[in-house]
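Participant: Read in order, the letters of the sequence shown are residues 159 to 400 in our numbering.
Dumping the structure here so I can ask a few things about it.
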Amino acid sequence: MPRQQSLRLPGTWGGKRAGAGRPAKGPRPSEPHKTRPVLDRRHPVHVTARVAPDLRQLRTRDMYHAIRYATYASAIFGRFRIVHLSIQRDHVHLIAEAANRMALARGMQSFEISAAKHINSTASKQRGKKRRGTVFPDRYHARILKSPKFVRNAIRYVLNNWRHHGLDRSRRSRRWLVDPFSSGVSFPGWNELAHRDTLWMPPRGYDPLWVWRPKTWLLSRGWQRAGAISARDLPAPVERQP
(Lines of atoms letter the chains of each structure in order from A and count residues from 1; the text may use other names and numbers.)
(Lines give C-alpha, C1' and ligand atoms only; values in the text may rest on other atoms or scores of the structure.)
Protein backbone atom coordinates (compact mmCIF):
# COMPACT_ATOMS: atom_id res chain seq x y z
CA MET A 1 0.00 0.00 0.00
CA PRO A 2 1.40 3.42 -0.87
CA ARG A 3 2.47 5.38 2.12
CA GLN A 4 0.49 8.49 3.05
CA GLN A 5 2.46 11.55 2.06
CA SER A 6 2.74 14.94 3.70
CA LEU A 7 -0.47 16.85 4.28
CA ARG A 8 1.21 20.20 4.80
CA LEU A 9 -1.06 22.97 3.63
CA PRO A 10 0.19 25.08 0.72
CA GLY A 11 0.06 28.85 0.72
CA THR A 12 -2.51 28.70 -2.09
CA TRP A 13 -4.68 26.02 -3.69
CA GLY A 14 -2.14 25.39 -6.43
CA GLY A 15 -3.42 27.37 -9.39
CA LYS A 16 -6.21 26.72 -11.82
CA ARG A 17 -5.76 23.83 -14.22
CA ALA A 18 -6.95 24.52 -17.75
CA GLY A 19 -10.33 22.93 -18.36
CA ALA A 20 -10.84 21.96 -14.71
CA GLY A 21 -14.10 22.38 -12.84
CA ARG A 22 -17.61 22.81 -14.10
CA PRO A 23 -18.22 25.08 -17.12
CA ALA A 24 -19.34 28.63 -16.45
CA LYS A 25 -23.08 29.08 -16.70
CA GLY A 26 -23.53 32.64 -15.58
CA PRO A 27 -24.73 33.75 -12.12
CA ARG A 28 -25.91 30.93 -9.89
CA PRO A 29 -29.49 31.42 -8.68
CA SER A 30 -30.17 31.21 -4.99
CA GLU A 31 -31.59 28.03 -3.56
CA PRO A 32 -35.39 28.43 -3.71
CA HIS A 33 -36.95 29.36 -0.39
CA LYS A 34 -39.32 26.44 -0.30
CA THR A 35 -40.22 24.39 2.75
CA ARG A 36 -37.49 21.87 3.41
CA PRO A 37 -38.52 18.21 3.71
CA VAL A 38 -39.01 16.60 7.10
CA LEU A 39 -35.70 15.44 8.53
CA ASP A 40 -35.48 12.25 10.57
CA ARG A 41 -32.61 12.02 13.07
CA ARG A 42 -31.65 8.67 11.50
CA HIS A 43 -30.78 10.30 8.16
CA PRO A 44 -27.59 12.32 7.51
CA VAL A 45 -27.68 15.44 5.34
CA HIS A 46 -25.31 16.51 2.56
CA VAL A 47 -25.04 20.31 2.61
CA THR A 48 -23.40 22.62 0.07
CA ALA A 49 -22.76 26.29 0.90
CA ARG A 50 -21.32 28.70 -1.67
CA VAL A 51 -19.46 31.93 -0.95
CA ALA A 52 -19.69 35.34 -2.63
CA PRO A 53 -17.90 35.75 -6.00
CA ASP A 54 -15.10 37.91 -4.56
CA LEU A 55 -14.19 35.21 -2.03
CA ARG A 56 -13.50 32.37 -4.45
CA GLN A 57 -10.12 31.51 -3.00
CA LEU A 58 -10.95 29.39 0.04
CA ARG A 59 -8.16 26.87 -0.47
CA THR A 60 -5.46 28.81 1.31
CA ARG A 61 -3.93 28.20 4.70
CA ASP A 62 -5.54 31.27 6.28
CA MET A 63 -9.00 30.56 4.87
CA TYR A 64 -8.70 26.95 6.03
CA HIS A 65 -8.20 28.12 9.58
CA ALA A 66 -11.03 30.62 9.28
CA ILE A 67 -13.42 27.80 8.40
CA ARG A 68 -11.84 25.49 10.96
CA TYR A 69 -12.82 27.97 13.69
CA ALA A 70 -16.41 27.70 12.45
CA THR A 71 -16.37 23.90 12.74
CA TYR A 72 -15.29 24.36 16.34
CA ALA A 73 -18.07 26.88 17.02
CA SER A 74 -20.72 24.55 15.63
CA ALA A 75 -19.33 21.54 17.52
CA ILE A 76 -20.88 22.76 20.78
CA PHE A 77 -24.37 22.02 19.45
CA GLY A 78 -24.93 18.33 20.10
CA ARG A 79 -28.15 18.34 18.10
CA PHE A 80 -26.16 19.31 14.97
CA ARG A 81 -22.95 17.45 14.20
CA ILE A 82 -20.59 17.92 11.24
CA VAL A 83 -19.11 14.50 10.48
CA HIS A 84 -17.37 15.15 7.12
CA LEU A 85 -16.32 18.40 5.50
CA SER A 86 -14.30 19.62 2.52
CA ILE A 87 -13.31 23.12 1.47
CA GLN A 88 -13.30 23.79 -2.26
CA ARG A 89 -12.34 26.95 -4.14
CA ASP A 90 -15.72 28.69 -3.89
CA HIS A 91 -17.89 26.38 -1.78
CA VAL A 92 -17.94 24.09 1.21
CA HIS A 93 -19.37 20.57 1.33
CA LEU A 94 -20.35 18.92 4.58
CA ILE A 95 -22.22 15.87 5.77
CA ALA A 96 -24.00 16.40 9.06
CA GLU A 97 -26.31 14.72 11.52
CA ALA A 98 -29.16 16.72 13.02
CA ALA A 99 -31.96 15.91 15.44
CA ASN A 100 -34.53 17.52 13.14
CA ARG A 101 -35.01 20.22 10.54
CA MET A 102 -34.82 23.03 13.11
CA ALA A 103 -31.57 21.65 14.55
CA LEU A 104 -30.11 21.58 11.04
CA ALA A 105 -31.17 25.17 10.39
CA ARG A 106 -29.76 26.44 13.68
CA GLY A 107 -26.57 24.45 13.32
CA MET A 108 -25.95 25.75 9.81
CA GLN A 109 -26.76 29.27 10.97
CA SER A 110 -24.13 28.98 13.70
CA PHE A 111 -21.59 27.55 11.26
CA GLU A 112 -22.18 30.20 8.57
CA ILE A 113 -22.19 33.13 11.02
CA SER A 114 -18.88 32.03 12.55
CA ALA A 115 -17.36 31.22 9.15
CA ALA A 116 -18.47 34.58 7.73
CA LYS A 117 -16.91 36.48 10.62
CA HIS A 118 -13.55 34.74 10.28
CA ILE A 119 -13.54 34.73 6.46
CA ASN A 120 -14.23 38.47 6.36
CA SER A 121 -11.46 39.06 8.88
CA THR A 122 -9.03 36.93 6.87
CA ALA A 123 -10.00 38.60 3.58
CA SER A 124 -9.51 42.03 5.16
CA LYS A 125 -5.96 41.15 6.23
CA GLN A 126 -5.13 39.68 2.83
CA ARG A 127 -6.38 42.75 0.94
CA GLY A 128 -5.22 45.43 3.32
CA LYS A 129 -8.72 46.89 3.57
CA LYS A 130 -11.81 45.88 5.46
CA ARG A 131 -14.05 43.43 3.70
CA ARG A 132 -17.74 43.86 4.57
CA GLY A 133 -20.87 42.22 3.33
CA THR A 134 -22.41 38.81 2.92
CA VAL A 135 -20.17 35.77 2.71
CA PHE A 136 -22.86 33.18 1.92
CA PRO A 137 -25.29 35.02 -0.40
CA ASP A 138 -27.29 31.93 -1.38
CA ARG A 139 -29.36 29.66 0.78
CA TYR A 140 -27.43 26.47 1.45
CA HIS A 141 -28.51 23.37 -0.44
CA ALA A 142 -29.37 20.33 1.68
CA ARG A 143 -30.00 16.77 0.49
CA ILE A 144 -31.26 14.16 2.95
CA LEU A 145 -29.49 10.80 2.63
CA LYS A 146 -31.78 7.87 3.31
CA SER A 147 -29.95 4.76 2.13
CA PRO A 148 -26.48 3.15 2.45
CA LYS A 149 -25.88 3.74 -1.25
CA PHE A 150 -26.53 7.47 -1.11
CA VAL A 151 -24.57 7.91 2.12
CA ARG A 152 -21.59 6.04 0.66
CA ASN A 153 -21.70 8.11 -2.54
CA ALA A 154 -22.01 11.35 -0.56
CA ILE A 155 -18.99 10.54 1.63
CA ARG A 156 -16.91 9.69 -1.43
CA TYR A 157 -18.11 12.85 -3.20
CA VAL A 158 -17.37 15.17 -0.27
CA LEU A 159 -13.97 13.81 0.77
CA ASN A 160 -12.71 13.29 -2.80
CA ASN A 161 -14.29 16.43 -4.21
CA TRP A 162 -10.86 17.94 -4.91
CA ARG A 163 -10.35 15.18 -7.49
CA HIS A 164 -13.74 16.03 -9.02
CA HIS A 165 -12.51 19.60 -9.56
CA GLY A 166 -9.01 18.59 -10.67
CA LEU A 167 -7.33 20.20 -7.66
CA ASP A 168 -5.29 17.07 -6.98
CA ARG A 169 -3.24 17.46 -10.18
CA SER A 170 -0.95 20.33 -9.33
CA ARG A 171 2.72 19.54 -8.74
CA ARG A 172 2.40 19.90 -4.99
CA SER A 173 -0.97 18.18 -4.66
CA ARG A 174 0.28 15.02 -6.35
CA ARG A 175 2.15 14.19 -3.14
CA TRP A 176 -1.13 14.00 -1.18
CA LEU A 177 -3.32 10.94 -0.95
CA VAL A 178 -6.17 12.69 0.87
CA ASP A 179 -7.27 16.30 0.56
CA PRO A 180 -5.69 18.34 3.38
CA PHE A 181 -8.50 20.88 2.96
CA SER A 182 -10.96 18.27 4.17
CA SER A 183 -11.65 16.02 7.13
CA GLY A 184 -10.35 13.05 5.11
CA VAL A 185 -7.33 12.55 7.38
CA SER A 186 -9.77 11.70 10.21
CA PHE A 187 -11.91 9.28 8.18
CA PRO A 188 -11.30 5.67 9.27
CA GLY A 189 -13.25 4.13 6.41
CA TRP A 190 -10.73 4.48 3.57
CA ASN A 191 -10.14 1.21 1.76
CA GLU A 192 -6.39 1.89 2.05
CA LEU A 193 -6.74 1.61 5.84
CA ALA A 194 -8.56 -1.73 5.79
CA HIS A 195 -5.54 -3.69 7.07
CA ARG A 196 -4.06 -1.02 9.32
CA ASP A 197 -4.55 -0.62 13.06
CA THR A 198 -4.11 3.15 13.03
CA LEU A 199 -5.21 6.15 10.99
CA TRP A 200 -2.85 8.23 8.90
CA MET A 201 -0.83 10.57 11.06
CA PRO A 202 -0.90 14.21 9.96
CA PRO A 203 2.44 16.03 9.85
CA ARG A 204 3.55 18.23 12.69
CA GLY A 205 1.78 21.57 12.66
CA TYR A 206 -1.30 20.35 10.77
CA ASP A 207 -4.55 21.18 12.59
CA PRO A 208 -7.41 18.89 11.51
CA LEU A 209 -10.93 20.19 11.08
CA TRP A 210 -13.25 19.72 14.05
CA VAL A 211 -15.68 16.94 13.16
CA TRP A 212 -17.81 14.49 15.13
CA ARG A 213 -17.68 10.75 15.12
CA PRO A 214 -20.91 9.57 13.47
CA LYS A 215 -23.79 8.48 15.67
CA THR A 216 -26.28 7.41 13.03
CA TRP A 217 -26.16 3.84 11.74
CA LEU A 218 -25.99 5.04 8.12
CA LEU A 219 -22.85 7.13 8.68
CA SER A 220 -21.09 4.80 11.10
CA ARG A 221 -21.63 1.39 9.51
CA GLY A 222 -24.55 1.31 7.09
CA TRP A 223 -22.75 2.96 4.17
CA GLN A 224 -20.27 0.06 4.02
CA ARG A 225 -23.00 -2.19 2.66
CA ALA A 226 -22.80 -0.21 -0.59
CA GLY A 227 -19.07 -0.79 -1.11
CA ALA A 228 -15.63 0.48 -0.15
CA ILE A 229 -14.30 4.02 -0.64
CA SER A 230 -10.78 4.59 -1.93
CA ALA A 231 -8.85 7.80 -1.43
CA ARG A 232 -8.08 7.60 -5.17
CA ASP A 233 -11.70 7.42 -6.31
CA LEU A 234 -12.83 10.07 -8.79
CA PRO A 235 -16.35 10.79 -7.54
CA ALA A 236 -19.25 11.14 -9.93
CA PRO A 237 -22.00 13.66 -9.18
CA VAL A 238 -24.25 12.48 -6.35
CA GLU A 239 -27.42 10.96 -7.78
CA ARG A 240 -30.77 12.35 -6.87
CA GLN A 241 -32.82 10.21 -4.55
CA PRO A 242 -36.31 9.18 -5.55
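Backbone N, C-alpha and C fix where the C-beta goes; we use that ideal spot for every residue, glycine too.
Quick one: which unbroken alpha helix (DSSP H) runs of 4-plus residues sit fully inside the region 209-261? Chain order, please.
Facilitator: With a minimum length of 4 residues, the continuous alpha helix (DSSP H) runs that stay inside the region 209-261 are 219-232.
Participant: With distances taken between CB atoms, is the gap from Ser378 to Trp348 smaller than 9 Å?
Facilitator: No; because the gap between Cβ atoms is not below 9 Å, this pair is not in contact.
Participant: What does the Cβ neighbour count give for Arg383, buried or exposed, with the cut at 16 atoms within 10 Å?
Facilitator: Answer is exposed; the Cβ neighbour count stays below 16.
Participant: Does DSSP classify Arg371 as helix, strand or coil?
Facilitator: Here Arg371 sits in coil by DSSP.
Participant: List the endpoints of the continuous beta strand (DSSP E) containing Ser302.
Facilitator: For the record, residue 302 in the displayed sequence is Ile; it is not Ser. Run containing Ile302: 299-302, per the beta strand (DSSP E) assignment.
Participant: Determine, using beta carbons only, whether Ala254 and Val196 come nearer to each other than 9 Å.
Facilitator: No.
Participant: By a C-beta neighbour count over all protein chains shown, 10 Å radius and 16 as the cutoff for buried, is Trp358 buried or exposed?
Facilitator: Buried.
Participant: Quick check: the Cα distance between Pro393 and Val316, rounded to an integer number of angstroms?
Facilitator: Cα to Cα, the separation comes out at about 9 Å.
Participant: Determine the closest residue to Asp296 out of Phe238, Glu350, Asp248, Thr356, with distance taken between C-alpha atoms.
Facilitator: Out of Phe238, Glu350, Asp248, Thr356, Asp248 has the C-alpha closest to the C-alpha of Asp296.
Participant: Given a cut-off of 9 Å on the beta-carbon distance, is the pair Ala224 and His276 in contact?
Facilitator: Yes, these two residues count as a Cβ contact at 9 Å.
Participant: For Ser344, which three-state DSSP category applies?
Facilitator: It is helical.
Participant: Please state the DSSP three-state secondary structure of Pro204.
Facilitator: The sequence given here has His at residue 204, not Pro. Reduced to three states, the DSSP call for His204 is strand.
Participant: Exposed or buried, Ala182, counting other C-beta atoms within 10 Å across all chains shown (16 or more means buried)?
Facilitator: Any reading at Ala182 must be qualified, since the residue scores a pLDDT of 45, below 50, and its modelled position is unreliable; the value itself is stated next. The residue in question, Ala182, is exposed, as its Cβ has fewer than 16 Cβ neighbours within 10 Å.
Participant: Could you please give the first and the last residue of the uninterrupted alpha helix (DSSP H) stretch that includes Lys307?
Facilitator: Start and end: 306-317.
Participant: Check this for me: beta carbons of Leu303 and Ser340, under 9 Å apart or not?
Facilitator: Cβ distance not < 9 Å, so Leu303 and Ser340 don't count as in contact.
Participant: With a threshold of 16 other CB atoms inside 10 Å of the CB of Met221, please say whether the residue is buried or exposed.
Facilitator: Label assigned to Met221: buried.
Participant: Note down, in chain order, each residue of its chain lying with its Cβ closer than 7 Å to the Cβ of Pro346, except the 5 sequence neighbours on either side.
Facilitator: Here the set comprises Leu357.
Participant: May I have the straight-line CA-CA distance separating Gln246 from Gln215, to the nearest angstrom?
Facilitator: Cα to Cα, the separation comes out at about 8 Å.
Participant: Apart from the five residues just before and just after Phe294, which ones in its own chain have a Cβ nearer than 8 Å to its Cβ?
Facilitator: Closer than 8 Å at the Cβ level, and outside the excluded window around Phe294, lie Ala207, Arg208, Val209, Ala210, Glu270, Ala273, Ala274.
Participant: With DSSP as the reference, please indicate the residues paired to Ile387 in a beta bridge.
Facilitator: Looking at the DSSP assignment, Ile387 forms a beta bridge with Trp348.
Participant: Taking 8 Å as the limit between beta carbons, can you name the residues of its chain near Pro306, skipping five residues before and five after?
Facilitator: Answer for Pro306: Leu376, Gly380, Trp381, Gln382, Arg383, Ala384, listed in chain order.
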